[in-house]
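Only one structure is covered here, and it is reproduced in the block below.
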Amino acid sequence: MSVQKLISNRTSQQSASNSDYTWEYEYYEIGPVSFEGLKANKYSIVIGFWVGLAVFVIFMFFVLTLLTKTGAPHQDNAESSEKRFRMNSFVSDFGRPLEPDKLFSRQGNEESRSLFHCYINEVDHLDRPKSCHQTTALDNDVHFQEAPRSSGRPEEELSRLMKFELPNFINTDQNSFGDDDLLISDPPILENKPVFQTPHKDLD
Amino acid sequence: MKHIINPYENINDSGRNISDCPPVVLPEEIFFTISIFGVLENLIVLLAVIKNKNLQIPMYFFICSLAISDMMGSLYKILENILIMLRNMGYLKPRGNFETTADDIMDSMFILSLLGSIFSLSVIAADRYITIFHALQYHSIMTIRRTAVILATIWTFCTGSGVTMVVFSHHIPTVLTFTSLFPLMLLFILGLYVHMFLLARSHARNISILPRANMKGAITLTILLGVFIFCWAPFVFHVLLMTFCPNNPYCICYMSLFQVNGMLIMCNAVIDPFIYAFRSPELRDAFKKMIFCNRNQWNY
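Residue numbers (this note's numbering), protein chains in the order written: chain A, 9 to 212; chain B, 172 to 471.
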């Protein structure tokens, strides 16, 4: 293209200066292009490109929805199960009853347990959990949201009092903040500041 | 960037048979409107974060970086339109020194905003990933100082690349580097979000959340990635075609849609605040507070 530029710059100066509506100062002479004898539609690349793009995005969407229905291959991975356990330890007492020995039998459960008790205190007082800041590095804006399961269970009241907001993807029908869900709103909001910024959101 | 990317605007040459695929010309008013919307929205996001101390955390700094790059892209378009109008009214020479320099500066700004956008999106995805998978060490991993270092590195790299690419714009390695950045970043972002999605899905199963929540997660993820792909891919493909098959009639027909592809990038600058910044309830609250505080001040 640079070679063409050298050849064409001289010849194009006169013709380009006549143009009134273009903004360019270098004119790349491409040479005569013939549109005769095209086998396919002349917009075939355009159509092919956009169709390919749409197919890719739709395929991605279907893969994601399929993943929601079936299991993931790495589900039994120890690392992911530990993360799941960490999250479970927060909601265990307010969700389905989890086996208590499982709750405390893993390594690293000390920290989970302290965070867990922070949330219990939060529920009890329904005010800013000051005690939690000293015990944990994780700010109290990490909260998990969970659907109240069925009415008439004793945990139901507790879960109503204490709304957990799961980091990104999980949302429930009783979501207190409307349509922000999933990746849209923040992942567990981990703030640097010790001040509890938005209590009203969690505790309703 | 027009002089580099769209050599077909000047079709007065009778030796070429381009009339079969004339360039699609969009009225300048559309570009103006979209760009002004883009600038205003991203400015609002920036102001909301600057004015609120509780929003000054790494996550919002990355969203601000995205807002700045989108704003720069829209500003570029506005400046280009103004220069075109001046040129059409006869105030500017087509090949004067000022015009050449201005054109180069604007091209650098455009590439800077492109690269800044891509890198900001990647960094936002990485930040969310760390938040989920290293939740307890997040504070020590992502300190304010590290955030500043990351952002400074990104923007220095983008500025350097922008200037380099404009200087060496008609060499093939430059084009290849530029166009390969897009799929690489896309794969990176896709990988991060899919992994996050898998974790959230497995957690959802453990606490028996309705499957509707997972469907919403899939929709959100598709929107995030789909907007990125739909807005950027056409332009990147254009750059590829322009480098490798400028004489092919099929390629010419694709390249005649250059202005539509440019408009998609402007649309991306307008849509990004809605899918990143305004989804956060804190930023929405800060924004409302800003509006109502201003209104109260005006009432007095």
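Here a beta-carbon is modelled for each residue, glycine too, at the ideal position from N, C-alpha and C.
Here the structure is a predicted model, which means the values were calculated and not measured.
Test: phenylalanine 67/A CB closer than 8 Å to a CB of chain B: no
Minimum length 4: unbroken alpha helix (DSSP H) runs contained in the stretch 353 to 436 of chain B: 382 to 415, 420 to 426
Neighbour flag for valine 54/A against chain B, beta carbons, 8 Å: yes
Straight-line Cα distance separating histidine 341/B from leucine 347/B: 11 Å
For arginine 266/B, three-class secondary structure by DSSP: Look at arginine 266/B here: in three-state DSSP terms it is coil, with no helix or strand label.
Cβ-Cβ distance between arginine 372/B and leucine 74/A below 8 Å: No, these two residues do not count as a Cβ contact at 8 Å.
Phenylalanine 304/B versus Leu370/B, Asp456/B, Leu254/B, Ile249/B, residue with shortest Cα-Cα distance: Leu370/B
Buried versus exposed call for serine 20/A [16 or more other C-beta atoms within 10 Å across all chains shown]: Residue placement at serine 20/A is flagged as unreliable, the pLDDT there being 45, under the threshold of 50; the coordinate-derived value follows with that caveat. Serine 20/A comes out buried.
Any chain A beta carbon closer than 8 Å to methionine 458/B: With the sequence shown as reference, residue 458/B is identified as phenylalanine, and methionine is not the correct amino acid for it. So no, phenylalanine 458/B is outside the interface.
Within 8 Å, strictly: CB atoms of alanine 448/B and glycine 209/B: no
Beta-carbon separation (whole angstroms), methionine 437/B vs phenylalanine 202/B, contact threshold 8 Å: Contact annotation, methionine 437/B with phenylalanine 202/B: C-beta distance approximately 7 Å; criterion of less than 8 Å satisfied.
Helix, strand or coil at valine 63/A [DSSP, three-state]: helix
Chain-ordered neighbours of leucine 396/B on chain A, where CB pairs are closer than 8 Å: Val65, Met68
Sequence-distant residues of the same chain with beta carbon closer than 6 Å to leucine 322/B, five excluded per side: Ser236
Cut-off 7 Å between Cβ atoms - residues of its own chain near arginine 299/B, not counting five sequence neighbours on either side: Met367
Supposed contact pair isoleucine 249/B and isoleucine 215/B - C-beta distance, whole angstroms, cut 8 Å: Actually they are not in contact, since the Cβ atoms of isoleucine 215/B and isoleucine 249/B sit about 17 Å apart, beyond 8 Å.
Cβ pair count under 8 Å reaching 3, the stretch 347 to 365 of chain B against the stretch 405 to 421 of chain B: yes
Classification of tryptophan 469/B by the beta-carbon crowding that lies within 10 angstroms, buried from 16 upward: exposed
Residue nearest to glutamate 212/B in terms of C-alpha spacing, selected from Arg455/B, Cys464/B, Arg466/B: Arg455/B
Segment contact flag, the stretch 265 to 272 of chain B with the stretch 459 to 467 of chain B, C-beta cutoff 8 Å, min 3 pairs: With the cut-off at 8 Å, the stretch 265 to 272 of chain B and the stretch 459 to 467 of chain B do not touch.
Phenylalanine 445/B, DSSP secondary structure in three states: helix
Listed by chain order, chain A residues near alanine 404/B by CB distance under 7 Å: Leu61
Outcome for glycine 261/B when other beta-carbon atoms lying within 10 angstroms are tallied against a minimum of 16: exposed
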